[in-house]
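Worksheet: the structure to be examined is printed underneath.
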Amino acid sequence: MPATCWLRKTEYPKHFRYEIIPSYSLRGVAFDGRVVQYSNVSAVLSRGTAIAGCGTLCPNAGATVHFRNVGRRQLCSAVVCAVLLGGCAFDVISIRQMPANFQSTPDSQQNWTLAQDMKVKLRQGFASNLKKGTVWKQVGHIEQGDVFRTGDQVVTVEASNQYEAYLVVNNGMAMGFYLPVEKTFTAADPPIAIKTTP
Amino acid sequence: MKLGRFTRLTAVGAIALFLAGCATSGPTFMEMQTSSKPIAANSGRIYVYRTSALGAALQPSVKLDGMTVGDAVPEGYFFVDRPAGTYKLSTATEVDRTVSLTLNSGEVRYVRLDVSFGFFVGHISPVLVDTAEAEKEIQKLHFTGK
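Residue numbers (this note's numbering), protein chains in the order written: chain A, 6 to 203; chain B, 63 to 208.
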């Protein structure tokens, strides 16, 4: 009874060698000069010609493995499709987060007003623009700095999904955002000085 | 090729009926304001609304912490009252889209369901909206809650 198999790739200076490992599913695209040989069922495939490998393997030594040749046009089509599908990868971007130990500071009197519009950049995703005139009140503290919240605008960070966010400030620099639902911190890239009025 | 008058009238009628069928019914936000119930103590309210009629056939369920609370009906809105806390509101078409938010006692939050193109079907993305902006957008939308 035929068994399916994997191709395992090992690179050699002038050609690729594919060893067929019994009992696994065969998948993948390989390069093919298409010499199939070896009693223990291996294929030596030289560089340059693509194949889409799909076939079955008899578990007995000496079995033949069948490859389907893929022409250049088909290969180009496959690449174009891959690129298009890559462009449609819906959850490619996610916010980089790290756990944060939030300590609430309900008695804090630290308030300030943002003196000018401000854009805090993130390494991945993006954050709301912070609006001039918004009043910020300290609500807590995390390792990266003091955590401030405003009721004057919605503040979020966003990639594929959106997260409510509080601003984290340390020595007059916006260090990033604390995400209160996820209880994580996402860093500004780079940290940016903020101009405030008391 | 000329269409007969009867054919044209029939086509126009059919389109009108189709569009009428798509129209969201129910009282508008403005009409509901006087009769909407007050928010319970220790709770807040989350309004969920969709302004766009784009992709009208696409009306996925809206879930709050995994529990269905309504549908993404074009030009419709609904609200849910929940105890103060943190929540995740999500929709699912060919992808899941989520917004996470906090809710304080007596607070009102607004989440708009934005429509965007997808690979096979559109995406419905929930986004937090400033109160002032949301209150303008929601006025003429129809209540679709239960």
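From the three backbone atoms N, C-alpha and C, an ideal C-beta is built for every residue, glycine too.
Who are the neighbours of residue i on chain B, taking C-beta pairs under 7 Å?
i                       : result
tyrosine 168 (chain A)  : Ser162
glutamate 187 (chain A) : Ser162
Which class does residue i belong to by DSSP, given the choice of helix, strand or coil?
i                          : result
lysine 99 (chain B)        : coil
glutamate 93 (chain B)     : helix
glycine 126 (chain A)      : The sequence shown places lysine at residue 126 (chain A), rather than the glycine named in the question. Lysine 126 (chain A): coil per DSSP, three-state reduction.
alanine 119 (chain B)      : coil
threonine 118 (chain A)    : strand
threonine 201 (chain A)    : strand
isoleucine 100 (chain A)   : coil
glycine 92 (chain A)       : Residue placement at glycine 92 (chain A) is poorly supported in this model, since its pLDDT is 48, which falls under 50; the coordinates are not used for a value here.
valine 85 (chain A)        : helix
lysine 198 (chain B)       : helix
threonine 191 (chain A)    : strand
threonine 69 (chain B)     : helix
threonine 153 (chain B)    : strand
phenylalanine 72 (chain A) : Confidence is the limiting factor: at phenylalanine 72 (chain A) the pLDDT is only 42, short of 50, which leaves the residue's position unreliable and the question unanswerable from this model.
threonine 26 (chain B)     : For chain B, the structure presents residues 63 to 208; residue 26 (chain B) sits outside this window and is missing.
serine 114 (chain B)       : coil
alanine 170 (chain A)      : coil
valine 140 (chain A)       : strand
glutamine 108 (chain A)    : strand
leucine 203 (chain B)      : coil
alanine 183 (chain B)      : Position check: residue 183 (chain B) holds valine in this sequence, whereas alanine was assumed. In the structure shown, valine 183 (chain B) sits in coil (DSSP, three-state: anything other than H, G, I, E or B).
glutamate 163 (chain A)    : strand
valine 135 (chain B)       : coil
leucine 31 (chain A)       : Any reading at leucine 31 (chain A) must be qualified, since the residue scores a pLDDT of 35, below 50, and its modelled position is unreliable; the value itself is stated next. In the structure shown, leucine 31 (chain A) sits in coil (DSSP, three-state: anything other than H, G, I, E or B).
alanine 146 (chain B)      : coil
lysine 208 (chain B)       : coil
asparagine 134 (chain A)   : coil
valine 186 (chain A)       : coil
Quick one: which chain A residues come within Cβ less than 9 Å of residue i?
i                           : result
lysine 99 (chain B)         : By Cβ distance, chain A contributes nothing, its closest Cβ being about 24 Å from lysine 99 (chain B), past 9 Å.
valine 191 (chain B)        : Val159
threonine 113 (chain B)     : Within 9 Å Cβ-Cβ: nothing; threonine 113 (chain B) doesn't reach chain A, min ~16 Å.
arginine 144 (chain B)      : By Cβ distance, chain A contributes nothing, its closest Cβ being about 13 Å from arginine 144 (chain B), past 9 Å.
phenylalanine 107 (chain B) : It is arginine, not phenylalanine, that sits at residue 107 (chain B) in the sequence shown. The contacting residues do not exist; arginine 107 (chain B) stays about 15 Å from chain A at best.
Measure the beta-carbon distance from residue i to residue j and round it to whole angstroms, keeping in mind my assumption that it falls under 8 Å.
i                        : j                        : result
glycine 106 (chain B)    : glycine 168 (chain B)    : 6 Å
threonine 153 (chain B)  : isoleucine 186 (chain B) : 4 Å
threonine 110 (chain A)  : glutamine 143 (chain A)  : 6 Å
threonine 113 (chain B)  : glutamate 93 (chain B)   : The pair is not a contact, with the Cβ atoms about 17 Å apart (cut-off 8 Å).
leucine 120 (chain B)    : valine 161 (chain B)     : That belief does not hold up - the Cβ atoms of leucine 120 (chain B) and valine 161 (chain B) are roughly 18 Å apart, past 8 Å.
tryptophan 117 (chain A) : proline 196 (chain A)    : Not quite, the Cβ-Cβ distance comes to about 17 Å (not below 8 Å), so this is no contact.
With the cut-off set at 7 Å, would you say residue i and residue j are in Cβ contact?
i                           : j                           : result
leucine 163 (chain B)       : tyrosine 172 (chain B)      : no
alanine 193 (chain A)       : methionine 180 (chain A)    : yes
glutamine 108 (chain A)     : glycine 145 (chain A)       : yes
glycine 184 (chain B)       : phenylalanine 140 (chain B) : no
lysine 136 (chain A)        : glutamine 158 (chain A)     : yes
phenylalanine 153 (chain A) : tryptophan 141 (chain A)    : yes
tyrosine 183 (chain A)      : alanine 120 (chain A)       : no
alanine 170 (chain A)       : isoleucine 98 (chain A)     : no
alanine 134 (chain B)       : valine 124 (chain B)        : yes
leucine 203 (chain B)       : proline 188 (chain B)       : no
valine 177 (chain B)        : glycine 117 (chain B)       : yes
asparagine 166 (chain B)    : alanine 196 (chain B)       : no
threonine 161 (chain A)     : isoleucine 100 (chain A)    : no
aspartate 151 (chain A)     : valine 125 (chain A)        : no
glutamate 156 (chain B)     : glycine 180 (chain B)       : yes
Residue i touches chain A at which residues, Cβ-Cβ below 8 Å?
i                      : result
lysine 150 (chain B)   : Val186
arginine 174 (chain B) : Simply none; closest approach about 11 Å.
arginine 70 (chain B)  : Here the premise fails: no neighbours, minimum Cβ distance about 40 Å.
I'd like to confirm something about residue i: is its beta-carbon nearer than 6 Å to some heavy atom of the ligand SAM, or not?
i                       : result
glutamate 156 (chain B) : Among the ligands in the structure shown, none appear at all, so the ligand SAM cannot be discussed.
Within 7 Å of any Cβ in chain E, is that where the Cβ of residue i sits?
i                      : result
arginine 154 (chain A) : You won't find chain E in this structure, because its protein chains are A and B.
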